[in-house]
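Numbering (the UniProt record's numbering), first residue to last: 1 to 1128.
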């Protein structure tokens, strides 16, 4: 059999004239010298090109002989005939000078020959470099998949075959001849082919990856140390561009590399430990890649016979200064504790849990997030022992969670939200404190946080069987979310409301949820239903279901919901509600409102309504508390009359005038009664309210005497009798409605209302006055404008109800352009941001940030620096038209509250605005000290606040650049990366402009021996940590300061991520091996054209590779990257 194969091979060689080439040509090819091929050689090559099938058969025979270890028979036959295998160099060279199939066959033939024993006569570095150039082209093609053409496909196909054949060549002889550079180059190429992750390249990966793995397995037998550096890079996903996530394909690549590591390193403990430490220390900071690194290190450690050394290593790195080490250690603790095949002792697991708990309050956001994620992953799987170590009910843990859920970094808030979710679903009983923490995140500034929090709350409802308190929390959170400024979040909330509230209305659960609503939800429900209508979402099914539920015995809230819906979609209400009129006293007031809105009133109903209104003045002579005469009921009957279409309006107007005349006469006579008591005044309340309701329906309000009503807004009657607060409050509203109809009395009463705001102590009276002034401002803007500051003075009212009402009123007027936002008014809004009442504070934040700042996005930055001066008493209050008494009220004396207000504003500003604000802080505040216009002793508070503001600006810019964007919108991560780079460039430019001022301020404070030096140096340190190049500038201008900063930075951890390298959709990795780099940089034309004394294939001098051996004749093994790591 072997003899037959040898005979066939020799026959093919003779037919191809392999041993008939001129010796000069063979020598020229072997020596890399230029030559002129003679006609005979050209003729032979022409025949060879036409006999490619014979060459392919020869390759097949050579492979069979190699597999049978019978190749010596072939070489003996050739040498017995006085012929040399060196002639194959000329054959392969000639074939590779062609293109297409001849070149391909030449490459395969040559790499096949390299696996045979005659290697020393076959090795030619120049020919091999040409093969490497083909592999380089294939490598570059897979990194730019959008430009793969026929030539690139050809190179990919040829590389797969070449790598497979070369796997048989890796013996000691090949290494000695080729040198370490060639081996390293082939290993790098193979690793690139093995780590093809793009989906569009899957068909090429199926060819390249098996061939690359076969080559690496072969190379590991003699060249394992050369593989390890590239193995590390592959395991840490160095090939994955920024912005890409870990897909299933990448996970498969990771598993392949792990299996390779297990196969070749499991019995080499020292190398395996070294590999683990390299993967650990080289792991990128990106969350997805760090998770991959944790999986890799976890798997590799399990391959060790004694993993305790590495466990101790991880326990140490969990306390390392470098933040990335701490984060990765915590991720690994999670994997080890959750491992079902775990080998850890109880003591080690508890120690790992303690490290996680400490990490929750770490100074670095990524570490905090890793610690929280680690604890979250333990909760569903851990046994009682681990749960006890975590301490889910520990007050200290709960306090940390409460703090972290409000963390400035989105990645931490998200991790904490998932931890709370795990804690909630671990318990069988509802934890309402945790529910409130989640509900607060429904108002988070991050879109994904709002949606995730809403989802968790919704899942909790059925899990805990719809507890009423949780339903209330759900309504308080989800209903406002339907009005969100983000369209996707708004649609998301509407779907939740539909699935959890509207659709289940036909069930008992839906009715029970409706019962949890109250009158406080009326406005928000109305706005939500309006959104449904604006988005053309069909509410007809819900309306039909609701109407079926309406009856005498149903819950009153169902009638209230129907009334609200009727204001939005009246076309969906067709029920004959008029049949309930005779028993109307048994129904909620909303029944009357529905009758009025549906225009169902007939003459009998109108008569009943008028008779009801006529009976109200008679109440003054009795002490009735009948609910049928409540304000809502009176208003409902009036609305039925207003909306009626069945009777002549003149007749109705005449009846209304009689009722108003009767009521006003009653009020006037009562007020003038010498025997008047407070109870008699209280009995007038329904009549006073009725007059206010009917004033707008009068033809001429001047025909009536409202003297008594006007007197009742004062504190005392002429006879010195104190007027009850309830009477005054209702009288203010009725007089306000009168002013809307009578311009002549408006001026005097506006001043009266402003006087009440200053002197009254009753919150209800003040709130009503604010409402009246708001309505008057809308109609008579110029008249009320001079009293705007009196209205905003209520921002500091003792009553939180009044403060909230004032915020609501002023925000509405400013948003609708009835009032201008002046600096003093802005300062008062800032004052309200840190109101001692948390609900007022949150409402003020919503007013200023969500309404007014949305209307004018320059609002915060426009007045920020002035606010800095205002709250530190360094502004002329007379120029603001503010007296010293008011200023003393609105000045925030507490530094902690001032800093909180500054931070709340800064967190709402974009990067561009923050850049301008940082510069303005230096120019307007710091420069005033340097110019001598402000003394440091008087302005120490201002200067300290300025430094705090500058620090906060840097913190917030860091949060936006590093964390918020890339987590919040993964699909746009590439765009975000580019934005980060752009903003960093602008930031560098800005720092160069403000750096001279900062340096001057440092010298100024140093000369003054001010304790504020430490605060300025803290800001310098923050800048230098984010922008190390600033230290170079400081070393030139302030060498002492630069040295101090270097020392400070060295003593603290440096967690900041480096985004200085731009990302690109085309991730073209530079080669790490010197040989590939040199070949890749060589112009293509020089690789195919003769030059000087070199052959057409020469791109390197012959000595570049031939000198790979040292004096002892051994190969020089030099890894392409350092692969040493101190055990410490």
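Glycine included, C-beta positions come from ideal geometry on N, C-alpha and C.
Between residue 369 and residue 412, the CB-CB gap stays under 8 Å.
The DSSP-derived three-state label of residue 661 is helix. Apart from the 5 residues on each side of it in sequence, residue 64 sits with its Cβ closer than 7 Å to the Cβ of 5 in its chain, given in chain order. Look at residue 716 here: in three-state DSSP terms it is strand. Proximity of the region 453 to 473 to the region 814 to 830 falls short of the contact definition, fewer than three beta-carbon pairs being nearer than 8 Å.
Where residue 864 is concerned, the enclosing alpha helix (DSSP H) starts and stops at 859 to 870. In this structure residue 592 is in contact with residue 636, their Cβ atoms being roughly 4 Å apart against a cut-off of 8 Å.
Within the UniProt domain "Condensin complex subunit 1 C-terminal" (764 to 877), the complete alpha helix (DSSP H) segments of 4 residues or longer fall at 781 to 785, 788 to 792, 800 to 815, 823 to 833, 838 to 845, 859 to 870, listed in chain order. With a 10 Å radius around the Cβ and a threshold of 16 neighbouring Cβ atoms, residue 1025 comes out buried. As computed with DSSP, residue 486 is found in no beta bridge at all.
Using a 10 angstroms sphere on the CB of residue 736, the tally of other CB atoms reaches 16 or more, which defines it as buried. Cβ contact annotation for residue 209 (same chain, cutoff 7 Å, sequence separation greater than five): 193, 194, 196, in chain order. Residues 163, 164, 167 of the same chain have their beta carbon placed closer than 8 Å to that of residue 214, with the five preceding and five following residues left out of the count. With contacts defined as CB atoms closer than 8 Å, residue 949 and residue 902 qualify as a contacting pair. Closest option to residue 89, judged by alpha-carbon separation, among 108, 588, 76: 108.
Spanning the alpha carbons of residue 472 and residue 403 requires a straight line of approximately 24 Å. Residue 718 sits exposed, since fewer than 16 C-beta atoms from the chains shown fall within 10 Å of its C-beta.
Per DSSP, residue 297 is one residue of the alpha helix (DSSP H) stretching across 287 to 302.
By the Cβ-count criterion, residue 308 is exposed, with fewer than 16 other Cβ atoms from all chains shown falling within 10 Å of its own Cβ. A buried status is given to residue 44, since no fewer than 16 other beta-carbon atoms sit within 10 Å of its beta-carbon.
The three-state reading of DSSP puts residue 722 in strand, counting E and B together. Taking 3 residues as the minimum length, the region 303 to 360 contains no beta strand (DSSP E) run wholly inside it.
In the structure shown, residue 168 falls within a coil segment according to DSSP collapsed to helix, strand and coil.
Linking residue 561 to residue 838 through their CA atoms gives a straight-line distance of about 30 Å. For the 8 Å CB-CB criterion, residue 597 and residue 567 form a contact. Rounded to the nearest angstrom, the Cβ distance from residue 330 to residue 359 is 5 Å, consistent with a contact under 8 Å. Annotation note: the region 546 to 606 contains no uninterrupted beta strand (DSSP E) run of length 3 or greater. Listed in chain order, the non-local C-beta contacts of residue 571 below 7 Å within the same chain number zero, local neighbours out to five positions each way being set aside. Shown here, residue 919 sits in a helix according to DSSP, grouped into three states. In this structure, 796 is the residue among 922, 957, 938, 796 with its C-alpha nearest to the C-alpha of residue 885. Take residue 617, set aside five residues on each side of it, and the residues of its chain with a beta-carbon closer than 7 Å to its own are 662, 663, 666, 687, in chain order. The count of Cβ pairs closer than 8 Å, one atom from the region 130 to 142 and one from the region 66 to 78, stays below three, leaving the stretches out of contact.
Per DSSP, the unbroken alpha helix (DSSP H) holding residue 693 starts and ends at 685 to 694. Shortest Cα-Cα distance from residue 614 to any of 652, 599, 602 involves 652.
Here the alpha carbon of residue 405 sits roughly 16 Å from the alpha carbon of residue 392.
Residue 643 carries a coil assignment under DSSP once its states are collapsed to helix, strand and coil.
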